[in-house]
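Once you know that position 43 of the sequence shown is 116 in the working numbering, the rest is easy, because the numbers rise by one and skip nothing. In what follows, a single structure is set out as structure tokens and then discussed.
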Amino acid sequence: MSRTAPHDDIDESDLVVTHPEDHAAGPTAVAVSMKRAIEGMGVRRTARTLLG
74 MSRTAPHDDI DESDLVVTHP EDHAAGPTAV AVSMKRAIEG MGVRRTARTL
124 LG
């Protein structure tokens, strides 16, 4: 099933370019990763994976 092209394209005049971030991850990323690991593997396997 094909789609038609959008009538309105992105307005690049509103684009703002900034300097790249210095950090790849922060506390939120660590918390989300831990939550997903615990939900997927459980506390014991997550701890063994990270500490082992």
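By construction, the Cβ of each residue, glycine as well, lies at the ideal position given by its N, Cα and C atoms.
Hey, would you say residue i sits closer than 8 Å to residue j, going by beta carbons?
i	j	result
Ala110	Thr119	yes
Quick one: give me the first and last residue of the alpha helix (DSSP H) that residue i is part of.
i	result
Val105	Pro100 to Leu124
Take residue i and list the residues in its own chain whose beta-carbon comes closer than 6 Å to its own, dropping the five residues that flank it on each side.
i	result
Val105	none
Starting from the C-beta of residue i, find all residues in its chain whose C-beta is less than 8 Å away, skip the five residues before and the five after it, and write them out in chain order.
i	result
Met107	Thr119
To which residues of the same chain is residue i closer than 7 Å at the C-beta, ignoring the five residues directly before and after it?
i	result
Ile83	none
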